[in-house]
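**Q**
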Ligand code: NAD
Ligand code: USQ
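Numbering (UniProt numbering), first residue to last: 1 to 405.
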């Protein structure tokens, strides 16, 4: 297949591009490299030394013999270039990773809120309009988030996207299927909730074939392909805005920094290893919806864990100390989470779960590149409200905190 990977320079997009190229697909990465600019804005860099995207593609060609093409296009701002590219290249599938994906970054200031909404909603909407305008019947696979469901304890498993409800009408009770009600916990998660409505509309109005993958928190860094050459290494975010919780704990343990648990660490979240992310996308591509079918929604996660349990696991494994910190986020202090993921299991996913070996592999990588860590960039500084900001004053090592943006 000819596949466009939008956001293919990112943490999930790069290993997905390699995985699909390795399977013999023709891969075209489209990216505006905004994530690299955000690193510059925040004064931080990936823990692992990433080469330019052109250099990464050159090394992949040398290592595998396969070509990955790169196109510098901003989905949100360059509608006509995107439309013309799709019209000329007519990919069979489009994988859409290209959004601002950090909840803390989306909450730093009014500017960051506005940027996140402008970027994410315009990127998704421009793509849908361009597909309709060019008559492109490609399978659109979008990376959504488990966070659209929210994290209040419901006491029942979260279904895959849709909920059967009954509505009282004068003629009696009527059954109906609706999108599971969204309850986003940040401006970033809100954009993913809005994306769902865009997909629903264009599937119903124009027959666009969409699969929306509600992904949990991705952990790990290596995949079978990124391991093949040091310069194919994946991005690794450890900082307070982009680093996600488990990878942060593993990196913190590696540099002898206290594990930064928010509040009591009672938040339960869904997780998936990066190797399973790339495998799930391969599986989703093989299971495209038919024209006119409703949007397919899969929960892309393999297990759930409570944040403090993860901290205790990493502390036991590495001897790290745990710091319980004021939570900068507005979120339930404790929640239960049960999630259905029957779709991917049915398609043959054999989940990778938290194994000591894989956790240790991440710690080893973090130790190898520990000299690249700026300790000042480790704490989470972005607070959801002014009240919460007033409580987030000092980092776990006792130093005063300040935002860089
Ligand atoms: P990332 O920030 O590493 O990668 C996103 C890529 O998209 C970057 O290379 C960036 O430059 C590009 N991009 C952003 N806006 C763009 C635009 N307007 N035009 C062109 N390119 C643009 O993020 P990631 O961790 O790889 O996440 C990829 C997707 O998966 C995101 O949509 C995210 O919401 C979703 N997701 C990620 C996780 C996770 O834990 N990393 C979990 C669930 C869902
Ligand atoms: N947390 C800590 N300490 C930290 C960092 C985080 O206790 O140092 C807590 C947070 O308060 C939160 C939980 O860990 O309760 C998860 O935070 P996170 O930053 O790992 O994940 P999140 O903000 O939800 O976002 C990440 C990705 C996002 C994706 C989402 C999937 O950045 O792109 O959509 O995971 S999900 O969480 O399932 O919605």
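Cβ coordinates follow ideal geometry from the N, Cα and C atoms, glycine included.
Since we're looking at a predicted model, the values are computed, not measured.
Pop quiz: residue 213 and residue 141 are said to be a contact at Cβ under 8 Å. What is the actual Cβ separation, rounded to whole angstroms?
**A** Numbered from 1 along the chain shown, position 213 holds the residue referred to as residue 213. Numbered from 1 along the chain shown, position 141 holds the residue referred to as residue 141. That pair is a contact at about 7 Å.
**Q** Note the first and the last residue of the continuous alpha helix (DSSP H) segment covering residue 80.
**A** Counting from one through the chain shown, the residue named residue 80 turns up at place 80. That run of the alpha helix (DSSP H) goes 79-89.
**Q** Does DSSP put residue 304 in a helix, in a strand, or in coil?
**A** One-based indexing of the chain shown puts residue 304 at position 304. Residue 304 falls in the strand class under three-state DSSP.
**Q** Whole alpha helix (DSSP H) runs in the region 203-275 with 4 or more residues, listed along the chain?
**A** Segments of the alpha helix (DSSP H) lying fully in the region 203-275: 245-254.
**Q** Please give me, in chain order, every unbroken run of the alpha helix (DSSP H) with length at least 4 that falls completely inside the region 11-75.
**A** Correct list: 13-22, 34-42, 53-64.
**Q** Counting pairs of Cβ atoms below 8 Å between the region 44-51 and the region 372-385, do you hit three or more?
**A** Short answer: they touch.
**Q** Between residue 99 and the ligand NAD, is there a pair consisting of the residue's CB and a ligand heavy atom that are separated by less than 7 Å?
**A** Translated into the one-based positions of the chain shown, residue 99 becomes position 99. Yes - the ligand NAD has a heavy atom lying nearer than 7 Å to the Cβ of residue 99.
**Q** May I ask whether a heavy atom of the ligand NAD can be found less than 7 Å away from the beta carbon of residue 89?
**A** Locating residue 89 in the chain shown gives position 89, where the first residue counts as 1. It does not: the Cβ of residue 89 is nowhere closer than 7 Å to a heavy atom of the ligand NAD.
**Q** For the beta strand (DSSP E) that residue 164 lies in, which residues bound it at each end?
**A** Numbered from 1 along the chain shown, position 164 holds the residue referred to as residue 164. Here the beta strand (DSSP E) through residue 164 covers 162-169.
**Q** In this structure, how does DSSP classify residue 321 when only helix, strand and coil are distinguished?
**A** For the purposes of this step, residue 321 is identified with residue 321 of the chain shown, where counting begins at 1. Correct three-state label for residue 321: coil.
**Q** Under DSSP, the beta strand (DSSP E) around residue 150 begins and ends at which residues?
**A** The sequence position of residue 150 within the chain shown is 150, counting from 1. Where residue 150 is concerned, there is no enclosing beta strand (DSSP E), given that its DSSP letter is neither H nor E.
**Q** In terms of DSSP beta bridges, what is residue 299 paired with?
**A** Taking the first residue of the chain shown as 1, we reach residue 299 at position 299. BP columns for residue 299 point to 214.
**Q** Alpha carbon to alpha carbon, how far is residue 179 from residue 58? Give it in angstroms, no decimals.
**A** Position 58 of the chain shown, counted from the first residue, corresponds to residue 58. Position 179 of the chain shown, counted from the first residue, corresponds to residue 179. Answer to the nearest angstrom: the Cα atoms are 43 Å apart.
**Q** Spell out a yes or no on whether the region 312-327 and the region 271-286 are touching, meaning 3 or more CB-CB pairs, one atom from each, closer than 8 Å.
**A** Flag = no, the region 312-327 and the region 271-286 do not touch.
**Q** Buried or exposed: where does residue 326 fall if 16 or more other Cβ atoms within 10 Å of its Cβ makes it buried?
**A** Within the chain shown, residue 326 is the residue found at index 326, counting from 1. With fewer than 16 Cβ atoms within 10 Å of its Cβ, residue 326 is classed as exposed.
**Q** Comparing alpha-carbon positions, which option in 380, 99, 17, 96 lies nearest residue 61?
**A** By 1-based counting over the chain shown, the position of residue 61 is 61. Considering only alpha carbons, the answer is 17.
**Q** Measure how close the beta-carbons of residue 106 and residue 186 come, nearest whole angstrom, since I'm counting them as under 8 Å.
**A** Within the chain shown, numbered from 1, the residue matching residue 106 stands at position 106. Within the chain shown, numbered from 1, the residue matching residue 186 stands at position 186. Contact flag correct, Cβ pair sits at about 6 Å.
**Q** Can you name, in chain order, every residue of its own chain whose Cβ lies under 7 Å from the Cβ of residue 122, other than the five neighbours on each side?
**A** Position 122 of the chain shown holds residue 122. Counting only Cβ-Cβ distances below 7 Å, and skipping sequence neighbours, we find 76.
**Q** Check whether the Cβ atoms of residue 27 and residue 21 lie closer than 8 Å to each other.
**A** Counting from one through the chain shown, the residue named residue 27 turns up at place 27. Counting from one through the chain shown, the residue named residue 21 turns up at place 21. Taking 8 Å as the Cβ cut-off, residue 27 and residue 21 qualify as a contacting pair.
**Q** Using 8 Å as the cut-off, can you tell me whether the region 188-203 makes contact with the region 220-229, which would need three or more C-beta pairs spanning the two stretches below that distance?
**A** Short answer: they don't touch.
**Q** Within its chain, find whatever has a CB closer than 7 Å to the CB of residue 220; leave out the 5 residues flanking it on each side and keep chain order.
**A** Mapped onto the chain shown, residue 220 falls at position 220. Once the five neighbours on either side are set aside, the close Cβ partners of residue 220 are 273, 274, 275, 358, 362.
**Q** Comparing alpha-carbon positions, which option in 310, 347, 165 lies nearest residue 250?
**A** In the chain shown, residue 250 corresponds to position 250, counting from 1. Taking only the C-alpha atoms, the option nearest residue 250 is 310.
**Q** Would you call the region 201-209 and the region 122-140 touching, i.e. three or more CB-CB distances under 8 Å?
**A** Contact holds: three or more Cβ-Cβ distances are below 8 Å.
**Q** Excluding the five sequence neighbours on either side, which residues of its own chain have a C-beta within less than 6 Å of the C-beta of residue 367, listed in chain order?
**A** Taking the first residue of the chain shown as 1, we reach residue 367 at position 367. The answer, listed in chain order, is 254.
**Q** To the nearest angstrom, how far is the alpha carbon of residue 33 from that of residue 147?
**A** Mapped onto the chain shown, residue 33 falls at position 33. Mapped onto the chain shown, residue 147 falls at position 147. Residue 33 and residue 147: Cα-Cα distance of roughly 25 Å.
**Q** Between which two residues does the alpha helix (DSSP H) carrying residue 129 extend?
**A** For the purposes of this step, residue 129 is taken as the residue at position 129 of the chain shown. Its alpha helix (DSSP H) spans residues 110-133.
**Q** Quick check: is any heavy atom of the ligand NAD less than 7 Å from the C-beta of residue 311?
**A** In the chain shown, counting from the first residue as 1, residue 311 sits at position 311. It does not: the Cβ of residue 311 is nowhere closer than 7 Å to a heavy atom of the ligand NAD.
**Q** From 87, 191, 52, 84, pick the residue whose C-alpha is nearest to that of residue 115; which is it?
**A** Against the chain shown, residue 115 aligns to sequence position 115. Comparing Cα positions, the closest option is 191.
**Q** Quick one, which of 125, 51, 69 has its alpha-carbon nearest residue 78's?
**A** Residue numbering aside, residue 78 sits at position 78 when the chain shown is read from its first letter. Residue 78 has its Cα closest to that of 125, out of 125, 51, 69.
**Q** Our contact map puts residue 86 next to residue 136 with C-beta atoms below 8 Å; I'd like the distance itself, whole angstroms only.
**A** Numbered from 1 along the chain shown, position 86 holds the residue referred to as residue 86. Numbered from 1 along the chain shown, position 136 holds the residue referred to as residue 136. Yes, residue 86 and residue 136 are in contact; Cβ-Cβ is about 5 Å, under 8 Å.
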